[in-house]
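> This is the structure, below, for whatever I ask next.
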Amino acid sequence: EKGGFDSFMDKEIHDQPAAVRDTLLGRLNEKGELTLDELKIDESVLRSIDKIIVVACGTAAYAGNVARYAIEHWCRIPTEVELAHEFRYRDPIVNEKTLVVAISQSGETMDTLMAVRHAQEQGAKVISICNTNGSTLPRESDAALYTHAGPEIAVASTKAFLAQITATYVLGLYLAQLRGNKYKDEVREILRELEAMPDKIQRVIDNEDQVKNLGRAMAEEESVLFLGRHVGFPVAMEGALKLKEIAYIHAEGFAAGELKHGPIALIEEDLPVFVVVPSPRGRDSLHSKVVSNIQEIRARGARTIVIAEEGDEAVKPYSDTVIYVPEAPTLLQPLLATVPLQIFACALAGAKGYDVDQPRNLAKSVTVE
Ligand code: F6R
Numbered sequence: 259e260k261g262g263f264d265s266f267m268d269k270e271i272h273d274q275p276a277a278v279r280d281t282l283l284g285r286l287n288e289k290g291e292l293t294l295d296e297l298k299i300d301e302s303v304l305r306s307i308d309k310i311i312v313v314a315c316g317t318a319a320y321a322g323n324v325a326r327y328a329i330e331h332w333c334r335i336p337t338e339v340e341l342a343h344e345f346r347y348r349d350p351i352v353n354e355k356t357l358v359v360a361i362s363q364s365g366e367t368m369d370t371l372m373a374v375r376h377a378q379e380q381g382a383k384v385i386s387i388c389n390t391n392g393s394t395l396p397r398e399s400d401a402a403l404y405t406h407a408g409p410e411i412a413v414a415s416t417k418a419f420l421a422q423i424t425a426t427y428v429l430g431l432y433l434a435q436l437r438g439n440k441y442k443d444e445v446r447e448i449l450r451e452l453e454a455m456p457d458k459i460q461r462v463i464d465n466e467d468q469v470k471n472l473g474r475a476m477a478e479e480e481s482v483l484f485l486g487r488h489v490g491f492p493v494a495m496e497g498a499l500k501l502k503e504i505a506y507i508h509a510e511g512f513a514a515g516e517l518k519h520g521p522i523a524l525i526e527e528d529l530p531v532f533v534v535v536p537s538p539r540g541r542d543s544l545h546s547k548v549v550s551n552i553q554e555i556r557a558r559g560a561r562t563i564v565i566a567e568e569g570d571e572a573v574k575p576y577s578d579t580v581i582y583v584p585e586a587p588t589l590l591q592p593l594l595a596t597v598p599l600q601i602f603a604c605a606l607a608g609a610k611g612y613d614v615d616q617p618r619n620l621a622k623s624v625t626v627e
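With the sequence shown counted from 1, adding 258 to any position gets you UniProt numbering.
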């Protein structure tokens with residue numbers, strides 16, 4: 259069962275290379291193209307959609323937030339992400355040209371189901387990304403793209419999250435392939451990179467002792483902040499959610515660029531702040547902007563715990579701790595940067611003596627609205 263691990267959560271963190279590998283399995287052919295036979299929606303319909311709305315809750319919604327950056331970039335289709343329970347109450351603009359992507363590990367989340375039904379009533383096509391065969395959500399959707407993470411037992415989602423992100427990449431790349439676009443070479447390159455991700459995730463896990471020790475040493479903290487930018491922003495949100503859920507510590511995630519618009523007022527002597535740093539090889543000046551953010555909070559006394567790409571020396575002078583993860587294209591980095599945050603929360607909650615698999619007040623699937 260737990261396969262020698264202290265908890266299901268710990269085991270499921272270690273299952274992640276396989277969860278990502280299995281979610282890619284059979285979806286890439288030898289020509290380096292994607293084949294998604296399970297997508298039983300007419301190709302002409304998929305070619306004609308002019309908007310994508312991702313609906314989901316909690317961790318699955320953060321996967322959707324990562325997906326938005328990837329899908330908009332590869333497909334040039336306007337993409338929104340909305341918490342499922344907010345969606346239908348704002349009278350959303352949905353029609354036959356809207357593709358709704360519902361993400362849910364359990365496939366039984368009532369909020370997500372109600373959002374899907376609302377979208378279908380207005381003529382939208384629905385693809386669900388789901389980890390549970392035969393559950394309600396995929397049955398009610400026009401098509402299902404299953405994640406193959408295997409059963410997730412721990413209440414806090416880990417391997418389902420990485421599998422969900424992987425499935426949204428597959429969907430985004432498939433739509434890009436189908437619709438033809440100016441990023442053809444990039445799409446082919448990303449597919450190759452995606453296949454290399456399971457081994458890279460394994461390398462992050464192989465370094466878990468550094469993060470576990472950090473988590474144990476921080477068991478008495480009262481508040482922890484998480485900052486990220488671009489796809490690092492939903493990663494920061496997910497890091498904060500894990501800590502709230504299983505360690506019952508106040509934790510907040512912010513977009514790093516938002517700091518100066520308010521949250522920087524929270525920074526005080528010794529406050530631990532995790533920062534997810536984008537690749538220095540990436541486009542634009544994102545990397546240097548985040549490094550400036552680290553400098554700013556460090557100057558105000560924060561203890562900076564930085565997740566950066568191997569070889570990134572620029573962060574070192576401003577970091578109390580650097581957790582290095584392997585190189586990857588910016589859009590794929592969440593598959594790596596999330597893992598230390600999961601390990602951290604799990605170790606910290608364990609050090610506090612909590613049952614990480616069964617956090618108080620939470621159920622694995624939320625079947626009421
Ligand atoms: C967080 C967590 C929840 C779920 C959310 C959606 O660790 O587990 O936030 O992600 O309740 O659940 P599913 O994916 O089953 O719809």
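Cβ coordinates follow ideal geometry from the N, Cα and C atoms, glycine included.
Taking all protein chains shown into account, decide if S302 is buried (16 or more other Cβ within 10 angstroms of its Cβ) or exposed.
exposed
> Are the CB atoms of A328 and G430 within a distance shorter than 8 angstroms?
yes
> Grouping DSSP H, G and I as helix and E and B as strand, with all else coil, what is K309?
Strand.
> Hey, D464 and E627 are a contact pair by Cβ (cut 8 angstroms); roughly how many whole angstroms apart?
The pair is not a contact, with the Cβ atoms about 42 angstroms apart (cut-off 8 angstroms).
> For A562 versus S577, is the C-beta distance shorter than 8 angstroms?
Reading the sequence as shown, one finds Thr at residue 562 and not Ala. Yes.
> Going by DSSP, name the residue or residues bridged to S481.
H508
> Is the beta carbon of Q600 within less than 7 angstroms of some heavy atom of the ligand F6R?
Not one heavy atom of the ligand F6R falls within 7 angstroms of the beta-carbon of Q600.
> Which residues mark the beginning and the end of the alpha helix (DSSP H) in which Y427 is found?
417-437
> Below 8 angstroms between beta carbons: does that hold for A342 and A377?
no
> Where does Y404 fall in DSSP's three states?
strand
> Since A412 contacts S265 with CB under 8 angstroms, what's their CB separation in whole angstroms?
7 angstroms
> Exposed or buried, H406, counting other C-beta atoms within 10 Å across all chains shown (16 or more means buried)?
buried
> Excluding sequence positions up to five away, which residues of its chain have a Cβ less than 7 angstroms from the Cβ of V548?
R487, A514, V533, V535, P536
> Would a C-beta distance cut-off of 8 angstroms place L499 and V278 closer than the cut-off?
no
> Shortest alpha-carbon distance to I507 belongs to which of L606, Q468, K470?
L606
> Pull up the distance between the alpha-carbon of A572 and that of I581, whole angstroms please.
Rounded to whole angstroms, A572 to I581 spans 13 angstroms at the Cα level.
> Whole-angstrom Cβ separation of C333 and L433, contact assumed at under 8 angstroms?
5 angstroms
> List the endpoints of the continuous alpha helix (DSSP H) containing S546.
544-557
> Which of helix, strand or coil does DSSP assign to A276?
Here A276 sits in helix by DSSP.
> Taking C-alpha atoms, which residue in P592, P575, L529 lies nearest to V493?
P592
> Taking the alpha-carbon positions, what's the G559 to M476 distance?
Computed Cα separation, rounded: 17 angstroms.
> Determine whether the beta carbon atoms of residue 229 and T337 lie at a separation below 8 angstroms.
Outside the displayed range of the chain (259 to 627) lies residue 229, so it cannot be described from this structure.
> Quick check on the burial criterion: 16 or more other C-beta atoms within 10 angstroms. Buried or exposed for R348?
Classification for R348: exposed.
> Considering only the alpha carbon of each residue, which of R397, T367, E496, K309 lies closest to residue 655?
Limits of the chain in this structure are 259 at one end and 627 at the other, which puts residue 655 out of reach.
> Could you check if C315 belongs to the surroundings of the ligand NAD, using beta carbon to heavy atom distance under 7 angstroms?
The ligand NAD is absent from the structure shown, which contains only the ligand F6R.
> At a cut-off of 7 angstroms, is V324 close to the ligand F6R when judged by its beta-carbon and the heavy atoms of the ligand?
no
> State the Cα-Cα distance for the pair K383 and R305, rounded to the nearest angstrom.
12 angstroms
> Candidates T367, R326, K470, E354: which alpha carbon is nearest E379's?
Taking only the C-alpha atoms, the option nearest E379 is E354.
> Counting beta carbon pairs with one atom in the stretch 386-394 and one in the stretch 414-428, are three or more of them shorter than 8 angstroms?
yes
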